[in-house]
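Numbering (numbering that gives the first Met the number 0), first residue to last: 0 to 502.
From the three backbone atoms N, C-alpha and C, an ideal C-beta is built for every residue, glycine too.
Treat the numbers as computed from the prediction; the structure is a model and nothing was measured.
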Amino acid sequence: MDDVLSDNDIIELILNVDADVEKDKAPTISLKDCKVYGPGLSENFTVPVRYFFIQLIDTEQKSFSSSPQSLSIQVSGVKVKCRIWYQLLQIKEGLFIARYRLYETCVGIQIDIVYENQLVAEAPYIIEGPVFHEQCYCPKPINEWLSNLNCPSSYSQIDHDLKIFPEIDMRNALEDALKRFNHPGSYSICHYSIISNQIYRKCFGQYVGFSMFMDEILLSLTRKMYLPDMEFIANLGDWPLEQRSEADNPIPIFSWCGSKSTKDIVMPTYDITEATLEMMGRVMVDILSVMGNSGPSWEEKIQMAFWRGRDSRQERLDLVKLSREHPSLINASLTNFFFFRKEEAEYGPKSEYISFFDFSRYQINIDGTVAAYRLPYLIAGGSLVLKQESDFYEYFYNDIQPMVHYVPFNRNLSNLVEKLQWAIDHDDEAKKIAENAQDFALSNLMPKDVLCYYAVLFKEYSTRLKSNNIVVENMEHIKQPIQKSCFCPDEEKFQDMYSKDEL
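So, in structure tokens, the structure goes:
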């Protein structure tokens with residue numbers, strides 16, 4: 000006798016058929032509609048690490064959620080083999096960033112983008128050469144380089160910092176600076192001169208090792224563009240120095256950090272600068288690696304605030320105490336005791352370093368000796384940042400807004416628990432702020448943006464120098480590294496094109 004289907008069997012069969020139909024209706028990837036874009040597809044994008052974006056699109060013209068394993072890239076030399084290291088990082092569902100670093104000049108580059116054995120969008124992408132690696136000294140006129148990278152013509156922070164220095168007499172400024180700050184053990188400053196795109200410096204102070212960060216950015220920039228002839232004073236310490244009022248003739252001093260009570264000219268921090276220059280090299284944490292390794296999705300992150308750091312400010316100790324009072328809300332501990340060694344018994348034990356990007360939904364940013372230089376990485380990491388109100392700032396702080404890119408809390412931490420509870424109770428709003436922050440990082444804190452800021456800053460600063468009589472006597476010549484496999488255009492051609500007039 001034939002088997003007879005029961006009512007339950009029939010219902011299950013119908014449900015399975017419906018499920019298969021729904022599966023067939025589900026949107027699939029549309030390879031031709033996927034978007035591949037970004038500066039790393041151009042030969043003129045001369046930065047240490049080149050990068051571009053891949054946006055997967057489905058048949059409904061929406062972002063396509065895909066397993067990272069389904070997408071792959073290959074970056075290789077055209078016709079001739081070329082040493083290139085490349086990586087593919089997933090920023091969010093459907094959005095990837097591809098990056099690559101050249102270790103020799105390539106005659107041409109081919110970029111293959113493959114999704115499950117099929118080419119994506121208009122792949123392969125061909126970059127006509129030569130494509131220079133980071134160590135090549137092949138400078139272009141500064142305006143041409145700025146145009147090639149689509150750099151902004153100005154920055155509000157630069158305009159603010161230079162406004163009080165309409166005309167700069169470097170002889171007087173340097174003499175004044177040496178009287179006030181040439182105190183070994185207390186201050187460390189360097190006098191830099193750039194003439195004919197060559198770098199010279201003389202440092203003053205006991206601890207001048209951080210001059211290597213200033214050297215490296217200047218060497219990198221002068222390999223890419225002709226910087227104007229100029230000289231300036233760089234502060235090697237964390238604290239901004241110039242406390243004079245505008246009426247008392249402040250000295251133009253370049254610093255990595257600014258404050259409400261000082262007049263220093265702010266540059267990108269040595270931390271984000273080194274991360275830009277040494278990306279995919281000796282630096283492990285950079286803005287792109289953070290975006291590509293930001294841990295689980297928002298919904299899967301632990302609903303708790305996280306912080307690790309050393310004891311460089313009293314409020315950091317207070318935060319540890321607060322976390323012990325609210326262990327379900329805050330996970331905070333110190334990784335090292337230097338400033339408050341006698342307090343280790345109360346605020347210890349020391350914790351091992353843990354990546355602060357991975358598992359927590361909320362990240363706390365609290366000042367150290369000055370502004371905490373980790374903020375760029377925190378806002379890039381996909382978690383909600385709670386930022387302490389502070390008198391200190393980095394070069395981009397004027398462009399981020401409270402309750403748009405981060406949640407502020409009082410300097411004395413008095414309302415931090417309240418702000419955390421707000422984030423828990425308003426999860427959708429908190430998630431949106433975290434997304435805004437990451438979008439800001441994508442648009443403003445990328446390697447291109449760091450180099451653009453330096454180039455625009457030096458260009459604008461140089462126009463304010465009163466005299467072209469640049470001093471190089473008794474200064475050390477900071478030479479470029481030895482070049483290998485560089486096929487630069489005729490340097491004389493560019494020298495002829497370069498003049499002060501174009502500035």
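Cα-Cα separation, residue i to residue j
i      : j      : result
Leu70  : Thr58  : 17 Å
Gln205 : Ser187 : 7 Å
Val48  : Tyr85  : 9 Å
Ser62  : Gly93  : 5 Å
Leu173 : Trp144 : 30 Å
Val20  : Gln60  : Below a pLDDT of 50, predicted positions are generally treated as unreliable, and Val20, at 44, falls in that range; the measurement from the model is reported next regardless. For Val20 and Gln60, the distance between alpha carbons rounds to 21 Å.
Gly39  : Ile126 : 9 Å
Ser296 : Phe358 : 9 Å
Ser153 : Lys31  : 37 Å
Leu377 : Ser293 : 10 Å
Asp263 : Ala246 : 15 Å
Ile90  : Pro326 : 30 Å
Tyr405 : Ile329 : 17 Å
Met290 : Leu161 : 33 Å
Ile110 : Asn335 : 45 Å
Val471 : Phe44  : 32 Å
Gln482 : Ile252 : 32 Å
Asn248 : Pro165 : 12 Å
Val369 : Glu393 : 10 Å
Glu324 : Val416 : 10 Å
Lys78  : Glu133 : 22 Å
Pro407 : Lys418 : 8 Å
Tyr453 : Thr27  : 44 Å
Met278 : Ile53  : 20 Å
Gly308 : Lys349 : 10 Å
Lys178 : Leu316 : 37 Å
Ala440 : Ala274 : 14 Å
Leu318 : Val403 : 24 Å
Ala97  : Phe180 : 45 Å
Gln117 : Tyr36  : 18 Å
Ser244 : Arg281 : 41 Å
Phe486 : Thr104 : 7 Å
Val449 : Val113 : 31 Å
Ser219 : Asp427 : 42 Å
Ala371 : Glu121 : 42 Å
Residue i, enclosing beta strand (DSSP E) - first and last residue
i      : result
Glu472 : Taken as a continuous stretch (DSSP letters only), Glu472 belongs to no beta strand (DSSP E), as it is neither H nor E.
Ser311 : Segment: none, Ser311 is in no beta strand (DSSP E) and carries neither H nor E.
Pro407 : Val406 to Phe408
Ala97  : Leu94 to Leu101
Glu127 : Tyr124 to Val130
Ile90  : Ile83 to Lys91
Tyr269 : Not the beta strand (DSSP E): Tyr269 falls in the alpha helix (DSSP H), residues Tyr269 to Leu276.
Asn364 : Ser359 to Asn364
Residue i in three-state terms, based on DSSP
i      : result
Lys61  : coil
Ser155 : helix
Asp111 : strand
Thr369 : Checking the sequence, you will find Val at residue 369 rather than Thr. In this structure, Val369 counts as coil in the three-state DSSP scheme.
Val446 : According to the sequence displayed, residue 446 carries Pro and not Val. Three-state result, Pro446: helix.
Tyr352 : coil
Leu173 : helix
Leu412 : coil
Gln68  : helix
Lys22  : With a pLDDT of only 48 at Lys22, under 50, the local geometry of the prediction cannot be trusted, and the value read off the model is given with reservation. Helix.
Val319 : helix
Pro401 : strand
Gln73  : strand
Leu55  : coil
Cys105 : strand
Lys341 : helix
Lys31  : helix
Ile423 : helix
Bridge partner(s) assigned by DSSP for residue i
i      : result
Gly39  : Looking at the DSSP assignment, Gly39 forms no beta bridge with any residue, so it has no partner.
Gly381 : Gly381 pairs with nothing; no bridge assigned.
Ala331 : Trp306
Arg49  : Tyr99
Leu118 : Val113
Leu464 : Ile167
Lys386 : Asn364 and Pro407
Val265 : Ser254
Start and end residues, alpha helix (DSSP H) containing residue i
i      : result
Glu434 : Asp426 to Asn443
Gly291 : Ile286 to Gly291
Tyr394 : Counting along the chain, Tyr394 falls outside any alpha helix (DSSP H), and DSSP gives it neither H nor E.
Glu143 : Ile141 to Asn147
Next item on the list: Enumerate, from N- to C-terminal direction, the unbroken alpha helix (DSSP H) stretches of 4 or more residues contained entirely within the region 179 to 262.
Entry: The qualifying runs are 210 to 223.
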